[in-house]
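Note that the working numbering has the sequence shown beginning at 145, numbered continuously upward. All C-beta atoms in this analysis are idealised placements derived from N, C-alpha and C, irrespective of residue type, glycine included. In this text the structure is predicted, and so the values were computed from the model without any measurement. For reference, the structure is listed below as structure tokens.
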Amino acid sequence: MKHLDFCRQWQLSTPLIQAPMAGGATTPELVAAVCEAGALGAFAAAMLSPAQITAGIAAIRALTDRPFLVNLFVLETPTPTEDTLAHAQSMLADSYRAIGIDQTTPSKWCEDFSAQLDAVLAAKPAAISFAFGLAGAAVIERCHLAGIQVIGTATTVSEGLAWQADGADAVCAQGVEAGGHRGGLQTEEGGGMIGTLALVPQMVDALSIPVIAAGGVMDGRGIAACLVLGAAGVQMGTAFLCCPESGISTTWKQALLAAGDDATRITRVFSGRPARGLYNDFMASMARYERHVPPYPVQNALTGPMRQAAQRAGRADYLSLWAGQGVRLARGVPASELVEVLDREWRALLPSWG
Ligand SMILES: Cc1cc2nc3c(=O)[nH]c(=O)nc-3n(C[C@H](O)[C@H](O)[C@H](O)COP(=O)(O)O)c2cc1C
């Protein structure tokens, strides 16, 4: 039974990873509470500077001495042309007008990946996971030399095989139900949109390293289903967003708790990379530009001030309300209670699984 090895490998009492969630959800308090409850807490570091990463990891260590995971996006710093920027800003003009602030050109597009990686390697968390691209064998080897285990994000079997060939210790198989950004290699044709139920067994059959199932898992039924499909564990994001320790805004939490089963859509308009969130006015008004906005992280940086203004004003219509398809099943309970309930739920369904 793969989940027993998985739990042993990461010193867990339940085969569960709380997903790293960039944008403020995965506070040190959330990560530490999950770890203390026996699951693997994950700190989203992709949008943080090296100094913020170091401080965040220290804050987690002040709250727990259990293993945890740190997550980065594999990104190159882009150099968009002035024409690209002018076009992108013209597409956003109405939205900035609606939210009542002026557009500015960001001073930087994203954090420098190699400086972020250095900060994580120096802090030596138990595990690191990567999304958005392959980290490559050399980076994985550096992680291993620092004593850090590596999880790659894959949305197709071929991506999973590439992570395995490069030396990753496990693969997170992200189904299309997942909240937030698609974590695999982006394709122009919009590939990599396979449901968790279909993706996990195909990944399990093709790979020899553990597969962690992500996307649409909200309760013990989802965990049990993924274990039966051959996953060694699950990674759950949306389920943790409404926990009191999660750092997202009250506006976002309220929208999640009111959402129905058909509330989410995948869009590029917020960030330039396909991501699933609650459908709102910004997505609707920008739909005609879906294929025209510049790729991540340029569009993400260009919409940043608009989203921050929306947050300050408590306006859900211009916020990126990332959420997965299972959002209706979200529970606003403390993280430790959620982990305990999830553990009880899946074990009740698979009593002989140990
Ligand atoms: C708000 C939000 C932010 C996310 N940010 C990240 C991230 O920074 N890095 C990452 O690898 N995955 C990120 N994800 C995706 C999760 O790792 C995971 O694949 C997803 O939450 C699983 O689907 P679920 O939301 O249905 O549980 C994010 C998901 C959400 C909902």
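Taking the alpha-carbon positions, what's the A358 to R326 distance? 11 Å
Could you pull the DSSP bridge partners for C293 from this structure? It should be noted that the sequence gives Gln, not Cys, for residue 293. Paired residue(s): A271.
By the 10 Å Cβ neighbour count, where 16 or more other Cβ atoms means buried, how is E333 classified, buried or exposed? exposed
Quick check on DSSP: helix, strand or coil for F426? helix
Beta-carbon proximity of G421 to P439, cut-off 8 Å: no
Local Cβ density within 10 Å of H436, reported as buried at 16 or more and exposed below that: exposed
For ligand 1, I want to know if Q318 counts as a neighbour, meaning its beta carbon is within less than 7 Å of at least one of the ligand's heavy atoms. yes
One question on the structure: do P159 and A376 come within less than 8 Å of each other, judged by their Cβ atoms? yes
Could you pull the DSSP bridge partners for I243 from this structure? Partner(s): none; I243 has no beta bridge.
Distance check for R491 and G448, CA to CA, integer angstroms please. 42 Å
Helix or strand or just coil, what does DSSP make of I284? helix
If we count the other Cβ atoms within 10 Å of its Cβ and call it buried at 16 or more, is P495 buried or exposed? exposed
Candidates A457, R205 and A190, of which the one nearest E180 by Cα: R205
Sort out for me which residues DSSP pairs Q162 with in a bridge. M380
Contiguous beta strand (DSSP E) assignments of at least 3 residues, all confined to the stretch 379-418: 408-411
Close beta carbons around Q260, own chain, < 7 Å, minus the five adjacent residues each side: A189, P194, I197 and L216
Just how far apart, CA to CA, sit D310 and D256? 22 Å
Quick one: is G498 buried, meaning 16 or more other Cβ sit within 10 Å of its Cβ, or exposed? exposed
Helix, strand or coil: which one does DSSP assign to A453? helix
Between the C-alpha atoms of A298 and G304, what's the straight-line distance to the nearest angstrom? 5 Å
Closest to S239 by C-alpha separation, out of G200, M450, S480 and A166, would be which residue? M450
I'd like the span of the beta strand (DSSP E) that includes A357, first residue to last. V355 to A358
For F150, three-class secondary structure by DSSP: helix
Is the Cβ-Cβ distance between P222 and V442 less than 8 Å? yes
In whole angstroms, give me the CA-to-CA distance for I295 and V477. 28 Å
Cα-Cα separation, M235 to P269: 41 Å
Could you tell me which of L493, V483, D487 and R488 sits nearest to V178, measuring between CA atoms? V483
Report the rounded CA-to-CA distance for L343 versus A407, giving the unit in angstroms. 23 Å
Name the DSSP beta bridge partners of W466, please? G421
Judging by CA-CA distance, which residue of K146, A183, G328 and A169 is the nearest neighbour of T394? A169
Taking C-beta to C-beta, are W154 and A271 nearer than 8 Å? yes
Backbone CA spacing between V372 and K252 [nearest angstrom]: 45 Å
Closer than 7 Å: is that where the CB of N424 sits relative to any heavy atom of ligand 1? no
Roughly how many whole angstroms lie between the Cα atoms of R365 and M145? 18 Å
Coil, strand or helix - L373 by DSSP: coil
What is the DSSP secondary structure of A298, counted as helix, strand or coil? strand
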